[in-house]
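Participant: Would you mind keeping the following structure in view while I ask a few things?
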Amino acid sequence: MMDIVLSAVLGELASRSINFFISKSSKPTVMVVADRLQRALLRAQVIVYEAMERQITNQAVLQQLDMLRDAMYRGYYILDTFRYQSHREEEAKGQVMSNTLSLLKVNCLQGFCSSNRNTLILEQLQKPLDDLSSIILDAKELVMFLASYPRLYRQPYSMHLLLGNCMFNRQMESELVINFLLHTQPHGSEELEVLPIVGPCKVGKSTLVAHVCKNESIRDYFLEILFLHDHDFIDDNLSTVRRCEIIDRNRILNSNQDRGWLIVVDLVGDLNEDVWKMFYSSCKQRLPSSSKIIITSRSDKITKFGTTQALNLKYVSDEALWYFFKTVTFGSIDPDMHPKFVHVAMEIAQMLRTGLIGANIMACLLRENFDMHFWCKVLAFMRGLIQKHVSEFGVEPLFLINQNKHVHLGRMATPSEDFLYCYDYETLHKGGFRR
442 MMDIVLSAVL GELASRSINF FISKSSKPTV MVVADRLQRA LLRAQVIVYE
492 AMERQITNQA VLQQLDMLRD AMYRGYYILD TFRYQSHREE EAKGQVMSNT
542 LSLLKVNCLQ GFCSSNRNTL ILEQLQKPLD DLSSIILDAK ELVMFLASYP
592 RLYRQPYSMH LLLGNCMFNR QMESELVINF LLHTQPHGSE ELEVLPIVGP
642 CKVGKSTLVA HVCKNESIRD YFLEILFLHD HDFIDDNLST VRRCEIIDRN
692 RILNSNQDRG WLIVVDLVGD LNEDVWKMFY SSCKQRLPSS SKIIITSRSD
742 KITKFGTTQA LNLKYVSDEA LWYFFKTVTF GSIDPDMHPK FVHVAMEIAQ
792 MLRTGLIGAN IMACLLRENF DMHFWCKVLA FMRGLIQKHV SEFGVEPLFL
842 INQNKHVHLG RMATPSEDFL YCYDYETLHK GGFRR
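Heads up: the sequence shown runs through residues 442 to 876, numbered per this note's numbering.
Next up, the structure:
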């Protein structure tokens with residue numbers, strides 16, 4: 442009996458040892474997983490780029506594309522961080538830049554210098570690879586459907602030019618707004634449809650609406666597009682009524698009744714409910730029933746004015762911001778040929794946080810001055826500016842800007858000179874007609 446038990450134990454140990462060594466020998470290396478991730482990213486990129494050139498209206502397709510796009514952004518973010526880790530290690534030995542990457546929201550390098558460095562790297566690379574592979578597998582039918590949608594762009598634009606002139610990462614939101622505007626109400630309906638769009642400061646609410654209003658189908662559908670802002674509602678309660686009186690009723694009566702008006706109300710905060718009721722009532726009296734209203738604000742209290750579900754906008758992720766910034770910054774230049782530049786760009790992108798407008802301006806500046814000394818100077822300037830505000834005010838300058846507070850900014854050419862950045866939202870726009 443003892444021999445049988447001992448034989449069984451030894452057999453189990455031998456089996457586990459063999460399985461252990463097989464798993465060890467078959468376990469892919471870091472470079473193999475990185476290469477697999479690169480190939481998966483290229484496949485995802487082909488699908489995403491093809492979709493960006495299509496007028497897609499199906500919301501389920503757009504949602505699936507958003508999932509694929511987000512997975513692609515995360516994959517590139519992890520892969521780029523891994524690839525340019527060696528340049529971060531050089532900085533730790535006394536180079537120009539400091540260890541900013543350790544502050545990344547997705548800290549994919551945490552623990553890389555420990556004894557389990559390779560294991561941690563494999564885990565960080567394997568997860569986006571698994572996620573991406575799974576989504577691509579589910580997207581086989583989606584690829585077939587894409588061919589049925591009409592193309593938006595007739596010319597083979599470079600991606601950095603396309604991203605610089607499109608509503609980045611807002612394809613689904615754009616289509617939601619367009620579908621709302623082109624939706625025809627049941628015959629005899631007297632209510633004007635209202636779409637609230639809510640989101641934090643500089644998330645892109647006004648930009649999204651402006652982008653949609655440039656759409657040819659929208660401009661052909663509506664007779665006029667009228668933009669209103671906070672100052673159109675602050676004089677007194679009758680100001681809203683007087684504002685609507687500028688609409689020529691005779692012109693409306695003599696025009697095609699199928700073509701309504703689009704009223705865009707762009708607010709910073711909340712709007713008094715009584716004022717809104719007066720404004721809405723005036724619009725119903727003077728405008729065709731095919732007219733639509735879009736109201737945007739940072740306050741979610743405006744959602745009560747909507748006749749349909751509100752659209753909530755959020756900041757783009759760090760991964761999406763990096764993809765946009767890298768693409769626009771390097772343009773037609775191959776980033777893989779300039780790893781040190783990519784590393785500096787990652788440092789700068791992290792300090793830009795969620796601002797696509799600032800990212801686009803900074804990307805164009807760096808692309809026009811493709812010089813390592815200049816890029817390092819920009820990085821040092823931005824880092825010093827942030828550190829100065831954190832030490833004096835306890836927060837970064839972007840936080841103050843988002844709060845509509847004054848920010849002291851410096852000049853890179855003349856460091857001794859500062860200037861005051863004042864952002865007054867209400868004085869930037871004036872209401873008026875637009876065709």
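Ideal Cβ positions, reconstructed from N, Cα and C, are used throughout, including at glycine.
Have a look at VAL489 and GLY747 and give me their C-alpha separation to the nearest angstrom.
Facilitator: For the purposes of this step, residue 489 is identified with residue 48 of the sequence shown, where counting begins at 1. For the purposes of this step, residue 747 is identified with residue 306 of the sequence shown, where counting begins at 1. The straight-line gap from Cα to Cα measures roughly 32 Å.
Participant: In angstroms with no decimal places, state the Cα-to-Cα distance between ILE827 and GLU837.
Facilitator: Position 386 of the sequence shown, counted from the start, is the residue given in the question as residue 827. Position 396 of the sequence shown, counted from the start, is the residue given in the question as residue 837. Their backbone Cα atoms lie some 6 Å apart in a straight line.
Participant: Name the residue from LEU754, THR625, LYS829 whose alpha carbon lies nearest to the alpha carbon of ILE659.
Facilitator: Here residue 659 is taken as the residue at index 218 of the sequence shown, counted from 1. Out of LEU754, THR625, LYS829, THR625 has the C-alpha closest to the C-alpha of ILE659.
Participant: CA-CA distance, SER740 and LEU649?
Facilitator: Translated into the one-based positions of the sequence shown, residue 740 becomes position 299. Translated into the one-based positions of the sequence shown, residue 649 becomes position 208. C-alpha separation (whole angstroms): 17 Å.
Participant: Distance check for LEU587 and HIS652, CA to CA, integer angstroms please.
Facilitator: For the purposes of this step, residue 652 is taken as the residue at position 211 of the sequence shown. For the purposes of this step, residue 587 is taken as the residue at position 146 of the sequence shown. About 23 Å.
Participant: Of the residues LEU566, HIS830, ASP521, which one's Cα is nearest the Cα of TYR764?
Facilitator: Here residue 764 refers to the residue found at position 323 of the sequence shown. When each option's Cα is compared against that of TYR764, the closest is ASP521.
Participant: Identify the residues that DSSP records as bridge partners of THR737: which are they?
Facilitator: Residue 737 sits at position 296 when you count from the first residue of the sequence shown. DSSP lists ILE638, ASP707 as partners of THR737.
Participant: Would you tell me roughly how many angstroms separate the C-alpha atoms of LEU578 and MET513, rounded to the nearest one?
Facilitator: Working through the sequence shown from its first residue, we reach residue 578 at position 137. Working through the sequence shown from its first residue, we reach residue 513 at position 72. Distance between the alpha carbons of LEU578 and MET513: 14 Å.
Participant: Since ARG592 sits in a beta bridge, which residues does DSSP pair it with?
Facilitator: Locating residue 592 in the sequence shown gives position 151, counting from the first residue. DSSP output for ARG592 lists ARG495 as bridge partner(s).
Participant: For ARG480, count neighbouring Cβ atoms within 10 angstroms of its own Cβ and tell me buried if that reaches 16, exposed if not.
Facilitator: Position 39 of the sequence shown, counting from 1, holds the residue named residue 480. Classification for ARG480: exposed.
Participant: Would ASN713 be called buried (16 or more neighbouring beta carbons within 10 Å of its own) or exposed?
Facilitator: Taking the sequence shown and counting its residues from 1, the one referred to as residue 713 is at position 272. Answer is exposed; the Cβ neighbour count stays below 16.
Participant: DSSP state of ASN540, grouped into three classes?
Facilitator: Walking along the sequence shown from the start, residue 540 turns up at place 99. Reliability of the predicted coordinates at ASN540 is poor, the pLDDT of 42 falling under 50, and the value obtained from them is presented with this limitation in mind. Coil at ASN540, not helix or strand.
Participant: For a test of your reading of the model: does the CB of MET513 fall under 6 Å from any non-hydrogen atom of the ligand PLP? Yes or no.
Facilitator: The ligand content of the structure shown is nil, which means the ligand PLP is not present either.
Participant: Can you tell me the Cα-Cα spacing of MET823 and ALA790, whole angstroms?
Facilitator: As a first step, residue 823 is located in the sequence shown; it is residue number 382 there, counting from the start. As a first step, residue 790 is located in the sequence shown; it is residue number 349 there, counting from the start. Whole-angstrom Cα-Cα distance: 11 Å.
Participant: May I have the straight-line CA-CA distance separating ARG485 from CYS724, to the nearest angstrom?
Facilitator: Taking the first residue of the sequence shown as position 1, residue 485 is located at position 44. Taking the first residue of the sequence shown as position 1, residue 724 is located at position 283. In the sequence as presented, Arg is not what sits at residue 485; that position holds Ala. Cα to Cα, ALA485 sits roughly 46 Å from CYS724.
Participant: Taking the beta carbon of SER424 as the centre, do at least 16 other beta carbons fall within 10 Å, making it buried, or is it exposed?
Facilitator: Limits of the chain in this structure are 442 at one end and 876 at the other, which puts residue 424 out of reach.
Participant: Looking at the unbroken alpha helix (DSSP H) that takes in THR770, where does it start and where does it end?
Facilitator: The count along the sequence shown starts at 1 and reaches residue 770 at position 329. First-last of the alpha helix (DSSP H) with THR770: 759–771.
Participant: So, is THR498 buried or exposed, given that buried needs 16 or more other C-beta atoms within 10 angstroms?
Facilitator: Within the sequence shown, numbered from 1, the residue matching residue 498 stands at position 57. It counts as exposed.
Participant: From the DSSP output, which residues share a beta bridge with ASN753?
Facilitator: If you number the sequence shown from 1, residue 753 lands on position 312. In DSSP, ASN753 forms a bridge with VAL639.
Participant: What three-state label does DSSP hand ILE519 in the structure shown?
Facilitator: Reading the sequence shown from its first residue, position 78 is the one you call residue 519. The answer is helix: DSSP assigns ILE519 an H, G or I state.
Participant: Closer than 7 Å by C-beta to SER615: which residues in its own chain qualify, once you throw out the five before and the five after it? Chain order, please.
Facilitator: Working through the sequence shown from its first residue, we reach residue 615 at position 174. The answer, listed in chain order, is MET608, LEU649, HIS652, VAL653.
Participant: Using a threshold of 7 Å, state whether the C-beta atoms of LEU563 and VAL471 are closer than that.
Facilitator: As a working note, residue 563 is residue 122 in the sequence shown. As a working note, residue 471 is residue 30 in the sequence shown. Their beta carbons are under 7 Å apart, which means LEU563 touches VAL471 by this criterion.
Participant: How about ALA492 and LEU506: are their beta carbons less than 7 Å apart?
Facilitator: The residue labelled residue 492 in the question sits at position 51 within the sequence shown. The residue labelled residue 506 in the question sits at position 65 within the sequence shown. Yes; because the gap between Cβ atoms is below 7 Å, this pair is in contact.
Participant: Closer than 7 Å by C-beta to ARG477: which residues in its own chain qualify, once you throw out the five before and the five after it? Chain order, please.
Facilitator: To locate residue 477, count along the sequence shown from 1; it is residue 36. Same-chain partners within the cutoff: LEU570.
Participant: Would you mind sorting GLY796 into buried or exposed? The rule is 16 or more other CB atoms within 10 Å of its CB.
Facilitator: The residue labelled residue 796 in the question sits at position 355 within the sequence shown. The residue in question, GLY796, is buried, as its Cβ has 16 or more Cβ neighbours within 10 Å.
Participant: For the putative contact between ALA800 and PHE771, defined by C-beta atoms under 8 Å, what is the C-beta separation to the nearest angstrom?
Facilitator: Here residue 800 is taken as the residue at index 359 of the sequence shown, counted from 1. Here residue 771 is taken as the residue at index 330 of the sequence shown, counted from 1. About 13 Å; that fails the 8 Å criterion.
Participant: Using a Cβ-Cβ cut-off of 7 Å (strictly less than) and excluding sequence neighbours within five positions of VAL635, which residues of its own chain qualify?
Facilitator: Along the sequence shown, one-based indexing puts residue 635 at 194. Excluding residues within five positions, the ones whose Cβ falls inside 7 Å are ILE734, ILE736, PHE746, GLY747, THR748.
Participant: For VAL487, count the other beta carbons within 10 Å of its own beta carbon; 16 or more makes it buried, fewer makes it exposed. Which is it?
Facilitator: Within the sequence shown, residue 487 is the residue found at index 46, counting from 1. So VAL487 ends up on the exposed side.
Participant: Within 10 angstroms of its Cβ, does MET508 collect 16 or more other Cβ (buried), or is it exposed?
Facilitator: Translated into the one-based positions of the sequence shown, residue 508 becomes position 67. Exposed, since its Cβ has fewer than 16 Cβ neighbours within 10 Å.
Participant: To which residues of the same chain is VAL618 closer than 8 Å at the C-beta, ignoring the five residues directly before and after it?
Facilitator: Residue 618 sits at position 177 when you count from the first residue of the sequence shown. Cβ neighbours of VAL618 beyond the five flanking positions: LEU636, ILE638, LEU649, VAL650, VAL653, ILE735, LEU752.
Participant: Mind checking HIS814: buried by the 16 CB within 10 Å criterion, or exposed?
Facilitator: Looking up residue 814 in the sequence shown gives position 373. With fewer than 16 Cβ atoms within 10 Å of its Cβ, HIS814 is classed as exposed.
Participant: Under 8 Å, with one C-beta from each stretch per pair, do the region 661–670 and the region 703–722 reach the 3-pair mark?
Facilitator: Yes, they touch.
Participant: If you draw a straight line from the alpha carbon of ASN810 to that of TYR525, how long is it in whole angstroms?
Facilitator: Here residue 810 refers to the residue found at position 369 of the sequence shown. Here residue 525 refers to the residue found at position 84 of the sequence shown. Their backbone Cα atoms lie some 21 Å apart in a straight line.
Participant: Whose C-beta lies closer than 7 Å to the C-beta of THR744 among residues of the same chain, with five residues either side of it excluded?
Facilitator: Locating residue 744 in the sequence shown gives position 303, counting from the first residue. Excluding residues within five positions, the ones whose Cβ falls inside 7 Å are PRO637, VAL639, ALA751.
Participant: Cβ of VAL584 within 7 Å of Cβ of LEU754?
Facilitator: On the sequence shown, position 143 is the one that residue 584 refers to. On the sequence shown, position 313 is the one that residue 754 refers to. Contact flag unset, no.
Participant: Sort MET719, LEU806, GLU833, SER832 by Cα distance to THR820 and report the nearest one.
Facilitator: Position 379 of the sequence shown, counted from the first residue, corresponds to residue 820. With the sequence shown as reference, residue 820 is identified as Leu, and Thr is not the correct amino acid for it. Of the candidates MET719, LEU806, GLU833, SER832, the one whose C-alpha sits nearest the C-alpha of LEU820 is LEU806.
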